[in-house]
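In mature numbering (1 follows the signal peptide of the UniProt record, and there is no 0), the protein residues as written are -18 to -1, 1 to 160.
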């Protein structure tokens, strides 16, 4: 009798979990999800990669395919303004932070939604990055002043507010819908 009761409880629990309204785990691709792309350039206008933001269940998936960049580890962030004026790209503003957190995934009071893992560029000048940010929305990313993808000169320490001591901005691209 006890085994039958446990089996019935297990079946009921599985049945209830199947009633989840979204029916998808965070990060699952969504049919018809919105998408935005940012073409990254250096201050001299050299094309160095493409960042993509894709709406997924429960958040946004950010990917980056970088090329012709200096080898090493670089901070990579989503910035809150869709402007990339050379030479220093400061017009992109600070990190995208709609929840008012501190910087960095290692910071107990963080991270910003715009904080991404470090980008590692190989000796061939290429690197890739991919991460899903739970809770991020395309409406927030593509608000009235847009947003930008920025790559920094040095590594992000993933903790120090406001930008992880990642150095100057060496590449930037504005997200465009579509």
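Just so it is clear, CB atoms sit at the ideal spot from N, CA and C, and this is done for glycine as well.
- Taking the C-beta atoms as reference points, residue 7 is found no nearer than 8 Å to residue 35.
- Contact between the stretch 115 to 127 and the stretch 46 to 55 is absent, with fewer than three C-beta pairs closer than 8 Å.
- Rounded to the nearest whole angstrom, the C-alpha separation of residue 152 and residue 132 is 8 Å.
- Following the DSSP letters along the chain, one finds residue 121 inside the alpha helix (DSSP H) bounded by residues 120 to 123.
- Taking the Cα positions, residue 10 is about 14 Å away from residue 118.
- Take the alpha-carbon of residue 137 and the one of residue 102: they are about 9 Å apart.
- Within a 10 Å sphere around the beta-carbon of residue 93 sit 16 or more other beta-carbons, which makes this residue buried.
- Between the beta-carbon of residue 148 and that of residue 86 there is about 10 Å, and that puts the pair past the 8 Å contact cut.
- Residue 105 is classed as exposed because its beta carbon has fewer than 16 other beta carbons within 10 Å across all chains shown.
- Residue 26 counts as exposed, since fewer than 16 other C-beta atoms from the protein chains shown sit within 10 angstroms of its C-beta.
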